Structure formats: C-alpha cells, structure tokens
Amino acid sequence: MTTPASSPALRLDAVCKSFCRETGESVLALDNISFSVGKGELAALVGPDGAGKTTLLRLLTGLMKSDRGIVSVLEIDAAKDPQAIQSRVAYMPQKFGLYDDLTVQENLDLYADLHGITAEEKRRQFADLMEMTGLDPFQKRLAGKLSGGMKQKLGLACTLVRTPELLLLDEPTVGVDPLSRRELWEIIRRLVKDGMTVLMSSSFLDEAEGCERVLVLNEGKELAEGPPAEVRNMALGRTFLAQPPQGMKARDFQAQLLAEPDVIDAVPEGGQVRLVSQARSGGSQSTTLARTTARATPARFEDGFMVLLDQAGGAKQTYTEAVQPEKPLGDSRHESVVEVRNLVRHFGKFVAVDHVSFSVKRGEIFGLLGPNGAGKTTTFRMLCGLLPASEGTLTIAGTDVRRNRASARQHLGYVAQKFSLYGQLTVGENLDFFARAYGLGGEKKRERIAWAISQFKLEPFILLPSAQLPGGYKQRLAMAAALLHRPEILFLDEPTSGADPFARREFWQRITSLAAHGVTVIVTTHLMAEAEYCDRAAILDNGKVLAQGTPAELRAHASGPAGHSATMEDAFIAIVLEGRGKPAAKPGAAQS
Amino acid sequence: MRSSFFRILALIRKEFLAVLKDPRSRFIIFVPPILQCFIFGYAASFDLNSIPYAVFDQDQSAASAAFLSRLDGSSIFRRQAVLGRSEDIHTWIDNCRALLVIQIGQDFERHLLAGEPAQVQVIADGRNSNTAGTALGYFEIVVEAFNASWRANHGQGSPTIRTVTRSWFNPNLDSRWSMIPSLIGTLTMMGTLMLTAMSVAREREQGTFDQLLVTPFRPFEIMAGKALPNIAIGLTQSTTILLIAQFWFHIPFVGSFLLLYAGLGLFLMAAVGLGLLVSSIAATMQQAMLYAFLLVMPFALLSGLTTPVNSMPEFLQSALVINPLRYALDLTKRIYLENAGFAQLSSDFLPLTVIGLVTLFGAAWLFRKRLT
Numbered sequence: 000m001t002t003p004a005s006s007p008a009l010r011l012d013a014v015c016k017s018f019c020r021e022t023g024e025s026v027l028a029l030d031n032i033s034f035s036v037g038k039g040e041l042a043a044l045v046g047p048d049g050a051g052k053t054t055l056l057r058l059l060t061g062l063m064k065s066d067r068g069i070v071s072v073l074e075i076d077a078a079k080d081p082q083a084i085q086s087r088v089a090y091m092p093q094k095f096g097l098y099d100d101l102t103v104q105e106n107l108d109l110y111a112d113l114h115g116i117t118a119e120e121k122r123r124q125f126a127d128l129m130e131m132t133g134l135d136p137f138q139k140r141l142a143g144k145l146s147g148g149m150k151q152k153l154g155l156a157c158t159l160v161r162t163p164e165l166l167l168l169d170e171p172t173v174g175v176d177p178l179s180r181r182e183l184w185e186i187i188r189r190l191v192k193d194g195m196t197v198l199m200s201s202s203f204l205d206e207a208e209g210c211e212r213v214l215v216l217n218e219g220k221e222l223a224e225g226p227p228a229e230v231r232n233m234a235l236g237r238t239f240l241a242q243p244p245q246g247m248k249a250r251d252f253q254a255q256l257l258a259e260p261d262v263i264d265a266v267p268e269g270g271q272v273r274l275v276s277q278a279r280s281g282g283s284q285s286t287t288l289a290r291t292t293a294r295a296t297p298a299r300f301e302d303g304f305m306v307l308l309d310q311a312g313g314a315k316q317t318y319t320e321a322v323q324p325e326k327p328l329g330d331s332r333h334e335s336v337v338e339v340r341n342l343v344r345h346f347g348k349f350v351a352v353d354h355v356s357f358s359v360k361r362g363e364i365f366g367l368l369g370p371n372g373a374g375k376t377t378t379f380r381m382l383c384g385l386l387p388a389s390e391g392t393l394t395i396a397g398t399d400v401r402r403n404r405a406s407a408r409q410h411l412g413y414v415a416q417k418f419s420l421y422g423q424l425t426v427g428e429n430l431d432f433f434a435r436a437y438g439l440g441g442e443k444k445r446e447r448i449a450w451a452i453s454q455f456k457l458e459p460f461i462l463l464p465s466a467q468l469p470g471g472y473k474q475r476l477a478m479a480a481a482l483l484h485r486p487e488i489l490f491l492d493e494p495t496s497g498a499d500p501f502a503r504r505e506f507w508q509r510i511t512s513l514a515a516h517g518v519t520v521i522v523t524t525h526l527m528a529e530a531e532y533c534d535r536a537a538i539l540d541n542g543k544v545l546a547q548g549t550p551a552e553l554r555a556h557a558s559g560p561a562g563h564s565a566t567m568e569d570a571f572i573a574i575v576l577e578g579r580g581k582p583a584a585k586p587g588a589a590q591s
Numbered sequence: 000m001r002s003s004f005f006r007i008l009a010l011i012r013k014e015f016l017a018v019l020k021d022p023r024s025r026f027i028i029f030v031p032p033i034l035q036c037f038i039f040g041y042a043a044s045f046d047l048n049s050i051p052y053a054v055f056d057q058d059q060s061a062a063s064a065a066f067l068s069r070l071d072g073s074s075i076f077r078r079q080a081v082l083g084r085s086e087d088i089h090t091w092i093d094n095c096r097a098l099l100v101i102q103i104g105q106d107f108e109r110h111l112l113a114g115e116p117a118q119v120q121v122i123a124d125g126r127n128s129n130t131a132g133t134a135l136g137y138f139e140i141v142v143e144a145f146n147a148s149w150r151a152n153h154g155q156g157s158p159t160i161r162t163v164t165r166s167w168f169n170p171n172l173d174s175r176w177s178m179i180p181s182l183i184g185t186l187t188m189m190g191t192l193m194l195t196a197m198s199v200a201r202e203r204e205q206g207t208f209d210q211l212l213v214t215p216f217r218p219f220e221i222m223a224g225k226a227l228p229n230i231a232i233g234l235t236q237s238t239t240i241l242l243i244a245q246f247w248f249h250i251p252f253v254g255s256f257l258l259l260y261a262g263l264g265l266f267l268m269a270a271v272g273l274g275l276l277v278s279s280i281a282a283t284m285q286q287a288m289l290y291a292f293l294l295v296m297p298f299a300l301l302s303g304l305t306t307p308v309n310s311m312p313e314f315l316q317s318a319l320v321i322n323p324l325r326y327a328l329d330l331t332k333r334i335y336l337e338n339a340g341f342a343q344l345s346s347d348f349l350p351l352t353v354i355g356l357v358t359l360f361g362a363a364w365l366f367r368k369r370l371t
C-alpha cells in the first residue's frame, strides 16, 4: 500500500508555502511536502496546531498558490486552473459558513442555489443528504439553534449538495461530542464506500487510525507518510501500562512519569498510566518506573505519533512545570465543597436540567460529561451563579448559591470555553483588573499578580494586548486571572476544546497539580480520554445524570473487544445509548 | 461598602483603559463630534447669504429701476437674469436657477406717482418652504425700506406704523448662535448613548460579561462602573464643543458654567441610562446599535433642534416628555445665550432628573431580572 492507484486523486510534489506574520517575520507553513492520495481513499492529515494542515488543504482547493512545487488535484494543476478544481472538489473549512438565522432547509437551499443545482437534482440529492445526516426531523429548525454536532453535519450536507469527486474536510470533529463524532465518521465512511476520495485534517489522533493513509505534519515539516500502521509501529515495543504505587493517584503518577527524561509520553488510562518509553525495554533507566511494575501493551497511533515528534525535536519541551499555589489549601480532604441536590432548570416548557444531584469533595477533579445539548453547560452556569436554578439546592463552600450568589462567588474561579478576558488590555492590565475585582489591593495584589505571572510563565507577554497572545497563552492567562483570589473551586468549561494533544497534556498537568494542593476542580469536556484525569465524573444526557462514579466504574458499563478493556469513549456511548433506550453499541466499534 | 467602592473604581479604571488605549475608539469619541460641530456650524445655517433671483420687468421705468437697485444693493439678492417673456418664469424656477422671480407690472411707476399702491408679484420656489419663507422675509424688508424712502422723497408723508425690531440674546438673528449651543447636547447624546449601549453589548458578545458576573461584582456596581466613565466621556465631548463655540465661532457665553455642567451632568445621566436600558435588552452589538439608532434619530429630530417643539402636534408633544435632548437643548441655549437662572430652568432640571433615575433604575432592574 505504499504506492497509491495509478492516477492519484491528489498529488503534492515538493511543495513549499510561507507566510508573512504581522510582525514581519516570515514563517514556513509547508516545507517541501510530497504526498499523494489515490482515488477512493480516505486519508488524514494529522499534527499539532500550526503544523500547516489548513494551509495544505487550502492549496488543494486552489484558494491559495504554493511558492514552489506542484499541486495537482484530479490531474489538474492547481496553480494553472483553480476554477476547474473548485467545480469538482468540495471543501469544508473549520468554521463552516452556516447562516444561523436560516433553517436547516433554507441553508441547504442556499448552498444548492449557489452551486446552480437544478430543482430536479435538488429533490433527489436532499432526500439522500437528509437521510444520511439524520437531519430530516430538524428541517425547520434554525441553524443557530442546532448543537455543535448537528451544525457540523449540516455543514457537511451543504458541502455535499453537488456530489464532489474529492472532499476536503478541515478538522470536522472539533467541538463535537463522541456520539456525534461517531455519526460523522459513519457518514464519511459511507461516502468513501460510494467511491468518493476524502482527505481530512484532525488533531484527534485516534481518528487517523481509521484512515488508509496519513500524513503527519509538524511545524510545516513532514514527519511521516503512509498507512497509519507504519506510524503506529514506531512505538512498537515501547508502550507500557504502569501501575501507580499504592495510595497514589494515576494522574499524579502520570505527572511524575512525564517528568522523567526517557518517558516520551504518559497519560492516565483506566487507573493505570499508559506510557511511551524511549527505550524498547521495560524502562529500567527510569527511577520512577523502577518503583513499580509495568507491562507491555499494544501500541496505538497516538503512541507512534509521540515517538515521531520526540525524534523530530522533542515534543515534551512544550511542557512546563506544574503550577503550585503558594501554600496548600487546608487538608480537609473529605469535606464536601460542592453539593448539588435535585437541581432543575426549565426554559419555558423545556427541561434543560432534570433533578441533577452530585457532590464534590475538596481537592477532587470532577467531570461533567455528555453529548452536545445534554445540559452540561446549563448545570455549569447555575453552579457559577450565571443562571438561576428553577428548583433544588446548590451549595458551594458552605454558601447557598441560590440565596447568596455574591458571596459564593468569592470562593470560585471560572474559565470560560471561549477566551473571555479583555482583548484590548494587556496581560498585566487584565491581571490587575481581576485582582481588584476580587478586592485585592496593595501588597497582597502585587504578590498574587507576581505569583500568577511566574507560575504561568507570562513574563514575556506582560505588555502585550491579550488578544494578541498565542492560543495556549490565552488559556494560561484566563486561568491565572481565575486563580488570583485563591479560589477553593475552579470551574473550567470545555477547557481543551480545539487544543492539540500537547496543549491538552500541558493543561492537565496544571490541573493535576492544583488538585494535589487542595483546589477542587469541576470541568466539562466531551473528550472522553480526559475523563481519565477526573477522580469522578457524571455523564449527562437530556438533562439527567445517567451514570456517576470513578473512571473505572464508568468504564465498567461497557465491555471492550476481546483482550482489550473498554475505553472511556466506549463506556460513554454505551451509557448514553442505554439511557436513550437504544441497544448498546457493539463494543469497540466507536472509532476504528 | 468600602470594597464595593473599590470594585467600582476598578471597573471605571478598566473602562477608561479599554476606551482610551484603542486608537479607533479614541477617534470615535473625539473626531466625529468636532467634525460635526464644524460642519453644522458652517453648513447647517438657516441664514441666506445669497438669494439668486430673476426679474421680469414689464414697466422698465425709473421707479422699477430704483426698486431693483435696492435689491441688488442689499448684497443678499443676486440678480441672475432679466426675463423677456412671462413663459421664462417657469424655466427659471423649475430648474432651480432662481429662488425668486420678481414680476413688476407695467403700471408700477404710474401707481406710485399717483400715490396708489403698486403691485410687485414675487414667485418663490416653495419646494423648500423654509428657505423660501426666509427669502420672502428678506424681500419684505427691502420693500419696506423702498416704501419709506419713496414717500420721503415724494413728500407723501411717512407711514403711520413703523416697526423697529430688536432681537434679544442674538442681536443679528444669526442662526449659528442658536445652532451651535444646541449641538452641545445633540452631539454628546448621540456619542454617549451609542457608546454605553455598545460597551455592555460588546462585553456580552465577547463573553467578558460572564467573567464579570462570576466575580463579586453586584449588578448595581457593574451599572455604576459602566455609567460613570461614559458620563465623564460625554462631559469631555460637551466641553470640546463648548470651547469650539466660544473660541472658534466667537459666540459669547453669558451664563453660569456651574449651572451648565450641572444640567449636562443630569442630561448625560439620562442619556447613559437610556444606553444601559438598550444594552440590557439587546443581546448582540448589532441589536444594541439598531436600538440606539432607533432612539437617537427621533430624539434628535423632535428635540427642537430644527423645528420648535411647541409647533408639533399635541400628542407628539406629550409623547416627547421622555426626550431628554429636548430639555438639554432648552437648558444649554438658555444658559449660554440668556444667563437663565436655576429657578427659570427647573422645568428642564426636574424632567432630566426623573428620566435619569427611571432609566438607570430600570436598567439595573432589567439586569437583575435577566440573572434571577
């Protein structure tokens, strides 16, 4: 499978493309890339943020010209005849231009008209698309009112109104819950089966596993090209599952392991730590590892990817030391700091949150998981006092939130999903404002701001308007601002949505360290692998808690394929489908 | 209480930083009002300096020539043509080449010499009734003067009534004198209302409003922190226009600055209150902008800036009691030109206070209501 079919659907030959940043420096977005995809193949572009994935896709659509090299799509030279390519290729950008104030049907009509589809074709095509995307029951709904997953499906349907020969998708599954993600994948697979060639970019590495070819990019350079198994094999014999020492949490152990020089990657998984070691042996060099038992486990694409990146110049250098609050926040570990009892929220007749109950102890990381529209955000907003509850009790650090919102807020820090500090103000001014907002002044304020700047490594950016911060630093600033008043509880809404694997690991390292120092963390996410970092998690669907417990308890809801334990994602899908009264999915069918 | 005060102070600091650091918003705050002030000051004048006219003189006598020379000597009337046929009148008026056409009948001199009233027909272009009215007014003055001198020269005795006009507070009836002081209120309201409505909507759209709401800020503190900087910005705008009025247009300020600023403060409170009310209803910046526009346009047009409120239909007048600009215009003009005292202005101060309080508390109530 090394050479694609005789006439490839797309071919890049020694392609280079550079951009000029606003600051004037030139960035090489693509550096001598050669890649081809055969007709009818499903291929993936993977790599961290800034790898050049979007640039490559845009070159293929003819929207952009390469500086050097040949870009040929369906045997047309993209530089010479971009128009011809655009009539045969469909491209779905990361943020597809749906009109929020038009209904599903109207959006489809609009795109069909833009592409000059005849009424006859439209009827035939629409029925197919609606059936395939499952949007049929929602034809009259405004696009703005659709959930993230449904929006992506509608975007895909709009892209497909004119059956293209080649479909290019830019991160189609970002911000989409596992259930919708699986549905999107089913659509994509069906298209490929019908003979379409599909090239998609993704920063979810597990998705690459299901493709026929992958191109791994990092900072514009090609790290690997070929079937995903080749990348996976890079990690062959280097992957282990390690049991944390008695009494140690998997995530704390993981943090320790990551600090070891010969450990390329480590993530918590099922109460153990999955690690990729530099050496192919049992990892005897590592002192942390020596204290425990590690057994070999089959490699995954993600492991191979980490090895590739490590060889290319060290992925781990992006990690920073963990954050440490000045001093631990007491040690009353068993005290419950968040108490939610029979929480209800109506919007008119619609019940968004339906008798939700849970409690979180000091220093715990608690996850709220669920598909888009499950009621996670509504619950979250009620906890933060941004939305009044209709019924139930809500206690935070001993304060009744429903009665005394203002004083409950002294105890909590909140990081929104979207960057929501003042973009015009500099990093320093933002910190200063939020310190004052929390009533810090004088020496105390200076001390806390100094702490935040040093812990989050914001020193070089103090005078930069925060809107101009690089992506990862925006989140650091948001967290720094939320921690200035030393809250007991930190609320994080979808903190890693759209972040690449490195940013995600770095982020969790911080959270783990905060929790170790007694900060209680409540986090919403729809990346199930991240639920592994939680002490406990609740799975919500249709406003109800379907299951609640430790990651291991949740995972027990699904049985994995023979020889494998079920992943969090399998468990999640099983629990949600069970809750909806549908038969549980075939185990392990989620992704690959 | 003390911590509340410091929080409001922090918010005010932040507002100023956000507005003044951004070159675009600095531009929007200062450049358009100054520009508009000059544009209105020079262009939006109701005075006519040059009235193009044509004459159809059927008399061709010494008397008609004397009358026309009076018109031409006024330096306001500019003769564009002498018409030979009455049909030409149409073409000159229709094509806007003349604002007035003066037709002098063939018996003009004969009647005058006989001591009988002679007739001069004036045809005015009524498509712009304001301008035509003003032009006719000027024409009357010239006729009046001609009459007086004719009688004196021909020993027909002076007319029984002579009007001697003196216009108080604006001796030359220069419309700029009433226009520019009115701009202090008008331009400031447009700026302040917009700015306030947008500043909250922007925070809501960018998610920073949620971030504010999870800090210990109370709705009332957020309102105060939003209102005060915008009032201060409004006062700066007013001062700029006031300075231009005095030092560029040389319109003498005769009143009390203290009273003027007290009035402007109340007026800005009302404008900011309206802005906050708009922003507590609007969900997006676009909505806030549209709502603000919807308020500003009728408020400006129906404030007495161009047409007196007294001559508007009764029901409109009663509906306009909620228009803060109406009181502000009255107040600034009267203090500026007339040196009116507090007692005379209570009919402006009182409604402004009421509007300010109602809108501010209304907005605060709506803010809270959205949260609880």
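Which chain is which? The protein sequence lines are H and B, in order.
The first sequence lines up with residues 0 to 591 when you count with numbering that gives the first Met the number 0.
The second sequence lines up with residues 0 to 371 when you count with numbering that gives the first Met the number 0.
Just so you know, even glycine gets a beta-carbon here, dropped at the ideal spot from N, CA and C.
Nothing here was measured: the structure is a model prediction, and the numbers come from that model.
Selection from the options that minimises the alpha carbon distance to residue i
i	options	result
B:Asn94	B:Ile50, B:Leu111, B:Asp124	B:Asp124
H:Pro459	H:Leu430, H:Glu442, H:Val426	H:Val426
H:Ala565	H:Ala536, H:Ala528, H:Tyr472	H:Ala528
B:Ile250	B:Leu242, B:Leu257, B:Phe256	B:Leu242
B:Ala339	B:Gly254, B:Arg201, B:Tyr41	B:Gly254
B:Ile102	B:Asp58, B:Val277, B:Ala131	A quick correction: the sequence has Gln, not Ile, at residue 102 of chain B. Ranking the options by Cα distance to B:Gln102, first place goes to B:Asp58.
Start-to-end residues for the alpha helix (DSSP H) that takes in residue i
i	result
H:Val306	300 to 310
B:Ala200	174 to 205
H:Arg161	Where H:Arg161 is concerned, there is no enclosing alpha helix (DSSP H), given that its DSSP letter is neither H nor E.
H:Arg503	500 to 515
B:Leu34	22 to 42
Limits of the unbroken beta strand (DSSP E) element including residue i
i	result
B:Gln79	76 to 81
H:Gly68	67 to 72
H:Lys16	9 to 19
H:Arg340	335 to 346
H:Asp30	25 to 36
B:Gln316	Careful: B:Gln316 lies outside any beta strand (DSSP E), inside the alpha helix (DSSP H) at 313 to 318.
H:Lys94	Note, H:Lys94: premise wrong, no beta strand (DSSP E); not H, not E.
H:Leu491	488 to 492
Residue i Cβ short of 7 Å to the ligand NAP heavy atom set
i	result
H:Val272	The ligand content of the structure shown is nil, which means the ligand NAP is not present either.
Cβ-Cβ separation, residue j to residue i (assumed contact under 8 Å), whole Å
i	j	result
B:Glu313	B:Ser3	The Cβ separation is near 46 Å, so there is no contact.
H:Gly147	H:Val103	Not quite, the Cβ-Cβ distance comes to about 15 Å (not below 8 Å), so this is no contact.
H:Met247	H:Gly303	At roughly 28 Å, the Cβ-Cβ gap does not stay under 8 Å, so H:Met247 and H:Gly303 are not in contact.
Residue i and residue j closer than 8 Å at C-beta
i	j	result
H:Arg212	H:Ala89	no
H:Met199	H:Pro171	yes
H:Arg361	H:Val336	yes
B:Phe266	B:Leu351	yes
B:Ala144	B:Ile50	no
B:Leu301	B:Leu289	no
H:Phe525	H:Pro177	A quick correction: the sequence has His, not Phe, at residue 525 of chain H. Yes, these two residues count as a Cβ contact at 8 Å.
H:Val520	H:Leu491	yes
H:Gly46	H:Leu11	no
Same chain, Cβ closer than 6 Å to residue i, five either side skipped, listed in chain order
i	result
H:Gly219	Leu27, Ala28, Leu29, Asp30, Gly51
B:Arg367	Pro218
H:Thr394	Glu338
H:Lys192	none
Same chain only: Cβ atoms within 8 Å of residue i, ignoring 5 sequence neighbours per side
i	result
H:Ser419	Ala477
Cβ neighbours of residue i in the same chain (closer than 7 Å, five flanking residues each side left out)
i	result
H:Gln85	Thr60, Gly61
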